[in-house]
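Following: one structure in structure tokens, then a few remarks.
Protein chains: 2
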Amino acid sequence: MIHAAYARIQPVVRQTPLLSSPFLDEIAGRTVLVKAECLQHTGSFKFRGAYSAMSGMERAKRARGVIAYSSGNHAQGVALAARMHGTSATIIMPADAPQMKIANTKALGAKVVLYDRTREDRDEIGARLSEKHGLALIKPFDDPLVIAGQASVGLEIAAQCEAAEAQVLVPCGGGGLTSGIALALSKARPAWQVHPVEPEGFDDATRSLISGKREENTRRDGSICDAIITPSVGEITFPILHKYCAAGVVVSEDEALQAMALAFSRLKIVVEPGGAVALAAALFHSSQLSGDTVIAVASGGNVDADMFARAVVR
Amino acid sequence: MIHAAYARIQPVVRQTPLLSSPFLDEIAGRTVLVKAECLQHTGSFKFRGAYSAMSGMERAKRARGVIAYSSGNHAQGVALAARMHGTSATIIMPADAPQMKIANTKALGAKVVLYDRTREDRDEIGARLSEKHGLALIKPFDDPLVIAGQASVGLEIAAQCEAAEAQVLVPCGGGGLTSGIALALSKARPAWQVHPVEPEGFDDATRSLISGKREENTRRDGSICDAIITPSVGEITFPILHKYCAAGVVVSEDEALQAMALAFSRLKIVVEPGGAVALAAALFHSSQLSGDTVIAVASGGNVDADMFARAVVR
Numbered sequence: 610m611i612h613a614a615y616a617r618i619q620p621v622v623r624q625t626p627l628l629s630s631p632f633l634d635e636i637a638g639r640t641v642l643v644k645a646e647c648l649q650h651t652g653s654f655k656f657r658g659a660y661s662a663m664s665g666m667e668r669a670k671r672a673r674g675v676i677a678y679s680s681g682n683h684a685q686g687v688a689l690a691a692r693m694h695g696t697s698a699t700i701i702m703p704a705d706a707p708q709m710k711i712a713n714t715k716a717l718g719a720k721v722v723l724y725d726r727t728r729e730d731r732d733e734i735g736a737r738l739s740e741k742h743g744l745a746l747i748k749p750f751d752d753p754l755v756i757a758g759q760a761s762v763g764l765e766i767a768a769q770c771e772a773a774e775a776q777v778l779v780p781c782g783g784g785g786l787t788s789g790i791a792l793a794l795s796k797a798r799p800a801w802q803v804h805p806v807e808p809e810g811f812d813d814a815t816r817s818l819i820s821g822k823r824e825e826n827t828r829r830d831g832s833i834c835d836a837i838i839t840p841s842v843g844e845i846t847f848p849i850l851h852k853y854c855a856a857g858v859v860v861s862e863d864e865a866l867q868a869m870a871l872a873f874s875r876l877k878i879v880v881e882p883g884g885a886v887a888l889a890a891a892l893f894h895s896s897q898l899s900g901d902t903v904i905a906v907a908s909g910g911n912v913d914a915d916m917f918a919r920a921v922v923r
Numbered sequence: 610m611i612h613a614a615y616a617r618i619q620p621v622v623r624q625t626p627l628l629s630s631p632f633l634d635e636i637a638g639r640t641v642l643v644k645a646e647c648l649q650h651t652g653s654f655k656f657r658g659a660y661s662a663m664s665g666m667e668r669a670k671r672a673r674g675v676i677a678y679s680s681g682n683h684a685q686g687v688a689l690a691a692r693m694h695g696t697s698a699t700i701i702m703p704a705d706a707p708q709m710k711i712a713n714t715k716a717l718g719a720k721v722v723l724y725d726r727t728r729e730d731r732d733e734i735g736a737r738l739s740e741k742h743g744l745a746l747i748k749p750f751d752d753p754l755v756i757a758g759q760a761s762v763g764l765e766i767a768a769q770c771e772a773a774e775a776q777v778l779v780p781c782g783g784g785g786l787t788s789g790i791a792l793a794l795s796k797a798r799p800a801w802q803v804h805p806v807e808p809e810g811f812d813d814a815t816r817s818l819i820s821g822k823r824e825e826n827t828r829r830d831g832s833i834c835d836a837i838i839t840p841s842v843g844e845i846t847f848p849i850l851h852k853y854c855a856a857g858v859v860v861s862e863d864e865a866l867q868a869m870a871l872a873f874s875r876l877k878i879v880v881e882p883g884g885a886v887a888l889a890a891a892l893f894h895s896s897q898l899s900g901d902t903v904i905a906v907a908s909g910g911n912v913d914a915d916m917f918a919r920a921v922v923r
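Printed below as a string of structure tokens:
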């Protein structure tokens, strides 16, 4: 399924580079390679899964249009993938989502339906619109076609790095990217280890891997790492994470900001806070890792200028 | 010579991606492709020419060490290329160069010799050190091996873009990158046009292409586009520019800053002011261009956090 998804998306996704800097190696005490998915279309890996889901769908179903819930990166990925398939996308977004993300999603041709996070239920709105117009729901992570699309990041890393052993660090929200990469590498690089990385206070995946069952976060917002804040990992993604991943790594928000600043000065890429947690783990949690090579996925770069300036000017 | 240089440097240079965004296409009114050389090792294309020169040199000469003058990107490119060749690099830098560029050059293993720009002559210092220690001078642009190395950017662009016609815009200081790309594309894509791009007040290449002889800039500093400020284009680069390039394009500093902000928000790359002038021309000087496709080289990303924040927070 992963290879079939890659065959569908490979002509349209950007094969993002694996970047490095001797200055980062020195901080980490080992070779640090950064998979720059912030350079993907729409600024995050989400385009891969969205395009995989849409291209893997029956033509007639797709032609009726798709629907998704998202306040950010998934919204833009679905909007662009729908436009490329010549179908319509309806995106249900919270009315208090960043104006720029709403504007970008509209500019990519999607119909945006805003809802009041405090008084309305997005699932109810989505179910009603989906039924009324026959729209196909594109879930952000808990969908095999989406996971298979994100897995292409793992296939590309395996093709780009020949290290015999490596620790792969992946920003983890719902677990779509992490489980996809772990699945792909379990075949392509069975000696490597994949670690989910999360911000402090939102370490549900790390706790779930320890307890062996899906743990929830108590807080639902209030993190600068908005792109990877979910109540818990998915029903489909968790068993994959449990089977194929090594222990989670938890970083502070300050470490994520420092990693953004180093990605700016040393790699010349723009990474958002949630997308920078894996690099932060590579640089500042060396003692939790082993081996000569660490590969950190920089999963997205959709960050406001003010937040970015806050990270780099310090 | 260009193909021989590429064969030598190809195993070590990063093949930088050709990025795009529908938002940039909309501003320009045509397809805009951005060659992200800011993602090259040491943060600029300069590594290509430096490595080409060093790898094309006699082994015994190289083993005695190399020397270069630079306040910025060339210094870092030479330092890294020397380290990779296992030889020593001496870089003559003005004492008032940005501390970070001096620190980076030293961290890459180079010996840095500081001089007082107002009282000392760097050519005299360089000649003395070169003679005393038998060091080989690596010029920043007026050297066939350096130009042949920079030409690899043109070969990569030709391999990455199949457009029948395109306008290629290149930030132009001494003309090493522009002449290299123009030479490479004159064979690989004879129907394309290459335009040098410069900031206002430092438009010597543009005026030289009009007059047919090397014109000089009256000012020697005072631009935020420090990476591409030279007194004039080179003796070797000018005849190449004259034979193979279309008219120059001149942009304002404010347009360069706007292009940096759009590269940040739409492409997720860090571009320095001098490296952003070609993208600025693509976006804001549409009327001086023709055709459906424009390719802008983003030549470097070595910019201080304060300057970058100034560009993006506006």
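Protein chains in written order, with the working numbering: chain A, 610 to 923; chain B, 610 to 923. All C-beta atoms, glycine included, are put in the ideal place defined by N, C-alpha and C. On a predicted model such as this, the values are computed, not experimentally measured, just so you know.
Taking all protein chains in view, the Cβ of H804(A) is crowded by 16 or more other Cβ atoms within 10 Å, so the residue is classified as buried. In terms of beta-carbon proximity, V921(B) lines the interface with chain A, with at least one pair separated by less than 8 Å.
If you look at E807(A), you'll find it isn't in any alpha helix (DSSP H); it sits in the beta strand (DSSP E) that goes Q802 to P808.
V859(A): member of the beta strand (DSSP E) spanning V858 to V860, first to last residue. Counting only runs of at least 4 residues, the segment 851 to 905 of chain B fully encloses the following alpha helix (DSSP H) elements, listed from N- to C-terminal order: 862 to 871 and 886 to 893. Below 8 Å, too few C-beta pairs join the segment 831 to 846 of chain A and the segment 863 to 882 of chain B to call them touching: fewer than three.
Residue state for G658(B) is assigned as helix, using DSSP reduced to three classes.
Distance between A865(B) and G831(B), taken at the CA atoms: about 15 Å. Residue Q685(B) holds the alpha-carbon nearest to the alpha-carbon of P749(B) among N713(B), P882(B) and Q685(B). Looking at R829(A), S739(A) and C647(A), the one whose alpha-carbon comes closest to that of E809(A) is R829(A).
When CB distances to chain B are screened at a threshold of 9 Å, the residues of the segment 693 to 727 of chain A falling below it are M709, N713, A716 and L717, in chain order. When DSSP states are grouped into helix, strand and coil, K741(B) belongs to the helix group.
A contact is defined here as three or more CB-CB pairs under 8 Å, and the segment 689 to 699 of chain B meets this definition with respect to the segment 717 to 726 of chain B. The distance from the Cβ of L792(A) to that of Y853(A) is about 6 Å, consistent with a contact at the 8 Å cut-off.
For A907(A), the three-state secondary structure derived from DSSP is strand. For L818(A), the enclosing alpha helix (DSSP H) starts and ends at D813 to S820.
Chain-order list of chain B residues neighbouring P882(A): empty, with the shortest C-beta distance near 14 Å, by a criterion of under 9 Å.
Residues I676 and L746 of the same chain have their beta carbon placed closer than 7 Å to that of S739(B), with the five preceding and five following residues left out of the count. Residue L818(A) holds the alpha-carbon nearest to the alpha-carbon of V806(A) among P707(A), V921(A), R919(A) and L818(A). By the Cβ neighbour-count rule, H650(B) is buried, with 16 or more other Cβ atoms within 10 Å of its own.
Under the 10 Å beta carbon count, R668(B) is surrounded by fewer than 16 other beta carbons and is classified as exposed. Residues T625, S653, F654, V762, G884, V906, A907, S908 and G909 of the same chain have their beta carbon placed closer than 8 Å to that of E646(A), with the five preceding and five following residues left out of the count.
Under the 8 Å criterion on CB atoms, G785(B) is classed as non-interfacial with respect to chain A.
The beta-carbon of G652(B) is placed less than 8 Å from the nearest beta-carbon of chain A. In the same chain as A889(B), and ignoring 5 residues on each side of it, the C-beta atoms closer than 6 Å to its own belong to V860, E864, A865 and A868, in chain order. With its beta carbon at least 8 Å from every one in chain A, D835(B) lies outside the interface. Comparing alpha-carbon positions, the option among I849(B), V622(B) and A736(B) lying closest to L627(A) turns out to be V622(B). Against chain B, the beta carbon of D915(A) has neighbours under 8 Å at V922, listed in chain order. Chain-order list of chain A residues neighbouring C647(B): K877, by C-beta distance under 8 Å. Residue-level contact by beta carbon holds for F873(A) and chain B, with a gap shorter than 8 Å.
Using a Cβ distance threshold of 8 Å, A767(A) and I611(A) do not count as a contacting pair. Taking the C-beta atoms as reference points, H683(B) is found nearer than 8 Å to A659(B). Between I845(B) and D751(B), the C-beta gap is smaller than 8 Å, which places the two residues in contact. Chain A has a Cβ within less than 8 Å of the Cβ of F632(B). Against chain A, the beta carbon of L628(B) has neighbours under 9 Å at R623 and L648, listed in chain order.
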